[in-house]
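So the structure is just underneath, and the comments pick up after that.
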Amino acid sequence: MKSYKPGAAFFLVAASMTLCTLHAQAGEATDRIAVLPQAPATDRAPDLQRILELPQYPVPGDLNSIGRPDAPEELDLAADLHYSLETDPFRRCARKALAGLFGPLEFWQRDGYVHGLAGGVTCTGAAKVTSYGPWEGCGRMTASGSIVHTRGCSANPELPFGTLVWTPYGRRYLNERGGWVKVGYARVYGRLKRVTGNREVANLDYYTLAEWHTLRNAPFAVVKRNGDRTVWWTRKRS
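Note that the sequence shown ends on residue 253 in my numbering; no numbers are left out.
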């Protein structure tokens, strides 16, 4: 039988007690880990879960949140106001206007949009759109006999007076003619010059109080052939 010295025996007992203590502490740590609180059983982060539970409000531009004017008899607006589905620029603009997105409409503007939608009007080509007005010293009378006003415009002679047209600059009645307002070529300062592009089928010159930028190849629609004369023709004041 192997014998140990008293010092060696004491060392063995101390080492054994240390191992027992470490083992016990490891067990306690394991027990603590086992009872840690677990995350909620959900596949969404807490912030996202809270957001999704909030009340849902209309998205900006949602048709249900738009104040609409009274529906005219000539048009079924209940099935008409989904303007985002329109591919034609005039019809999309008309539906937005009747939905109230551009503010109050004058009676002739509203009538034009209703007439165009009910009659199936679409853009028929591209136009050149310019502006003329007081800054260039234009006169007060137009070729139609009406005074100039911001409901009217000049156009190429193929379009008769009283025609209501639409471009991205809005609706205008034709009540004027201009020497340079032609399709194709016009005599400018005595020389023949091309004034519209190959794709432009109309040349329009809007009367405005300040100069507007020229639009080239702008969408163009003829809304009415025979417009309301009380709107486009205004008598000169005596």
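Cβ atoms here follow ideal geometry from the backbone N, Cα and C, with glycine treated the same way.
Which residues DSSP lists as bridging residue i, in chain order
i	result
residue 108	In DSSP, residue 108 forms no bridge with anything.
residue 204	None, per the DSSP bridge assignment.
residue 186	181
Contact set for residue i: own chain, Cβ-Cβ below 6 Å, skip 5 residues either direction
i	result
residue 113	128
residue 219	142, 144, 168 and 170
residue 214	141 and 232
residue 104	138 and 234
Boundaries of the alpha helix (DSSP H) in which residue i is found, first to last residue
i	result
residue 256	This structure cannot speak to residue 256, because the chain is shown only from 16 to 253.
Helix, strand or coil at residue i [DSSP, three-state]
i	result
residue 166	coil
residue 155	coil
residue 98	helix
residue 209	strand
residue 224	coil
residue 181	strand
residue 219	strand
residue 116	coil
residue 238	strand
residue 244	helix
Straight-line Cα distance separating residue j from residue i
i	j	result
residue 192	residue 157	7 Å
residue 222	residue 99	31 Å
residue 237	residue 205	31 Å
residue 165	residue 138	22 Å
residue 163	residue 235	22 Å
residue 247	residue 208	30 Å
residue 121	residue 185	13 Å
residue 245	residue 117	24 Å
residue 197	residue 160	20 Å
residue 187	residue 177	9 Å
residue 155	residue 243	21 Å
residue 125	residue 110	10 Å
Cut-off 7 Å between Cβ atoms - residues of its own chain near residue i, not counting five sequence neighbours on either side
i	result
residue 135	none
residue 233	141, 142, 144, 182 and 183
residue 151	none
residue 195	201, 203 and 210
residue 106	132 and 137
Beta strand (DSSP E) segment containing residue i, residue limits
i	result
residue 249	No beta strand (DSSP E) holds residue 249; DSSP gives it neither H nor E.
residue 174	Note, residue 174: premise wrong, no beta strand (DSSP E); not H, not E.
residue 145	140–147
Same chain, Cβ closer than 8 Å to residue i, neighbours up to 5 away in sequence not counted
i	result
residue 147	153, 169, 193, 220, 221, 222 and 223
residue 199	209, 210 and 211
residue 172	192 and 197
beta-carbon residue i near the ligand FAD non-hydrogen atom, thresh 7 Å
i	result
residue 176	What this structure holds is no ligand at all, so the ligand FAD is not there to describe.
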